[in-house]
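First residue of the sequence shown: 155, per our numbering; consecutive thereafter. Yeah, the Cβ is synthetic: ideal placement off N, Cα and C, and Gly gets one too. Heads up, the thing below is written out as structure tokens.
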Amino acid sequence: MDLNFTPEERAFRDEARTFFRTAIPETIRAKVAEGEGLTRDDLVTSQRILNEHGWATVNWPKEWGGQDWSPVQVYLYQDEMQLAHCPPPIPFNVSMVGPVIAQFGSQEIKQRFLPPTANADIFWCQGFSEPGAGSDLASLRTKAERKGETYIVNGQKTWTTLAQYADWIFCLVRTDPAAKPQEGISFLLIDMKTPGITVRPIVTIDGGREVNEVFFDDVEVPAENLVGQENKGWDYAKFLLGNERTGIARVGASKAKIARIRELAALEFAGETPLIENPRFLEKLAAVEVELKALEMTQLRVVSDERKLARGRQNPASSILKLKGSVIQQQLTELLMEVVGPYALPYQRDFDGKNEPVIGPDYASEAAPSYFNYRKVSIYGGSNEIQRNIIAKAILGL
């Protein structure tokens with residue numbers, strides 16, 4: 155693999171670097187850099203700027219706003235976005251439901267949903283996981299019963315990220331309970347304002363409120379909101395999860411976090427010596443950097459596999475990206491905890507309007523919440539145990 159960028163690729167990288175650092179508001183990028191939560195307005199504002207520039211839906215077909223970029227350009231785009239601490243396009247819109255609609259939806263559904271999805275006029279959430287059906291998604295029980303031109307939906311979804319912001323939810327529902335688990339599932343689009351939908355927040359270990367339970371009680375959904383064919387939703391879900399797992403690696407974001415750790419380690423001391431000069435700390439940091447470089451090479455191989463991507467097939471190497479990317483992200487939060495030391499102990503997230511001064515430096519307040527929050531990355535998008543099984547079967551032939 156030739157790792158030297160061409161002059162054209164370097165020019166593209168410079169264009170992306172300048173754009174992300176000037177077009178996206180500094181207030182939003184600072185929140186990302188500090189690990190603060192983004193509001194709905196932050197996410198929508200950022201995506202609309204990207205969409206106006208033609209850079210919100212680069213992975214979509216060109217007729218729907220995609221860019222006919224080379225794999226290297228896609229890599230550089232993602233890398234520079236994360237290095238600049240820019241929020242990515244809303245993943246539920248751009249990396250999940252959008253590509254599914256573009257690939258499998260009718261022309262009517264494409265025209266109805268793709269433009270507002272690209273511009274964040276519709277904010278989507280994902281209705282996949284259920285109690286007892288997380289990594290084993292095929293065991294889901296939310297059912298949709300067809301009655302004329304309407305589906306009646308009953309059931310529950312859980313861990314639904316940002317459902318409190320969402321206008322619509324894309325759901326996997328069971329439409330044929332007599333079929334084998336994977337063969338009786340359909341992909342349905344549901345307006346969150348429909349009567350019978352209840353959203354209940356789940357407070358996470360870091361005090362956050364980003365995930366929710368969503369309940370469906372005799373929810374009426376027009377049959378025209380079905381994507382593709384009835385009972386073929388499992389195929390569409392596999393297509394979606396392949397896209398999701400490739401993005402979960404977050405190589406650029408991890409590189410930015412390493413730079414931040416180095417910056418903060420120069421401010422903290424181990425005895426008389428700055429932590430950044432401590433041999434044991436440097437050894438641990440270097441070990442993660444080596445793993446990250448190996449992951450970056452794997453990501454380049456995955457995005458370069460144009461033949462499989464063009465056929466809409468999931469590259470099993472995306473499971474490696476998900477698996478190793480999540481481990482590295484967790485390791486970096488552990489190193490940040492080591493940097494801030496005892497100042498990571500006080501719980502200081504301002505969810506209840508507290509006005510006490512922060513204990514220790516400002517940058518320490520997000521270390522522990524980030525550490526606890528990032529325990530989830532080895533679970534969502536398919537747990538790491540599931541990814542190991544995929545790798546063993548599809549890559550190693552075991």
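Assigned secondary structure, residue i (DSSP; H/G/I helix, E/B strand, else coil)
| i | result |
| --- | --- |
| D196 | helix |
| L343 | strand |
| R363 | coil |
| E539 | helix |
| A184 | helix |
| L380 | strand |
| G309 | strand |
| L304 | With the sequence shown as reference, residue 304 is identified as Thr, and Leu is not the correct amino acid for it. Correct three-state label for T304: strand. |
| V368 | strand |
| E284 | strand |
| E190 | coil |
| V375 | strand |
| K334 | coil |
| G387 | helix |
| V248 | helix |
| Q201 | helix |
| L395 | helix |
Proximal residues to residue i (C-beta, below 6 Å), its chain only, five neighbours per side dropped
| i | result |
| --- | --- |
| R167 | L230 |
| T348 | V373 |
| F435 | L429 |
| E299 | I306 |
| Y525 | T487, M491 |
| D233 | G406 |
Exposure of residue i, with buried meaning 16 or more beta-carbon neighbours within 10 Å
| i | result |
| --- | --- |
| N158 | exposed |
| R328 | buried |
| Q383 | exposed |
| H239 | buried |
| M235 | buried |
| M451 | exposed |
| I182 | buried |
| R164 | exposed |
| L421 | exposed |
| S519 | buried |
| A546 | exposed |
| K264 | buried |
| E303 | exposed |
| T427 | exposed |
Range covered by the beta strand (DSSP E) that runs through residue i
| i | result |
| --- | --- |
| A298 | 297–301 |
| F324 | 322–328 |
| T352 | 351–356 |
Range of the contiguous alpha helix (DSSP H) that encloses residue i
| i | result |
| --- | --- |
| I482 | 471–494 |
| N527 | 521–527 |
| Q280 | Unbroken run through Q280 is the beta strand (DSSP E), 278–281; no alpha helix (DSSP H). |
| Q144 | Because the chain in this structure spans residues 155 to 552, residue 144 falls outside the shown range and cannot be described. |
| G252 | 252–258 |
| P161 | 161–176 |
| A122 | The question about residue 122 has no answer, for the chain in this structure spans 155 to 552. |
Close-in-space but distant-in-sequence residues of the same chain around residue i (CB under 8 Å, 5 per side omitted)
| i | result |
| --- | --- |
| F423 | L429 |
| N418 | For the record, residue 418 in the displayed sequence is Leu; it is not Asn. Correct list, in chain order: L490, V493, V494, Y517. |
| H207 | F173, A177 |
7 Å Cβ shell around residue i - same chain, five flanking residues per side excluded
| i | result |
| --- | --- |
| L268 | W218, G252, I255, A256 |
| P433 | none |
| I540 | S289 |
| D321 | I276, F277, M346 |
| P335 | A292, S293 |
| R416 | I430 |
| V357 | R363 |
Residue-chain proximity (residue i, chain C), Cβ-Cβ < 8 Å
| i | result |
| --- | --- |
| A518 | Absent from the structure is chain C; it holds one protein chain and no more. |
Entirely within the region 407–467 and at least 4 residues each: give me those alpha helix (DSSP H) ranges in chain order.
433–457, 460–464
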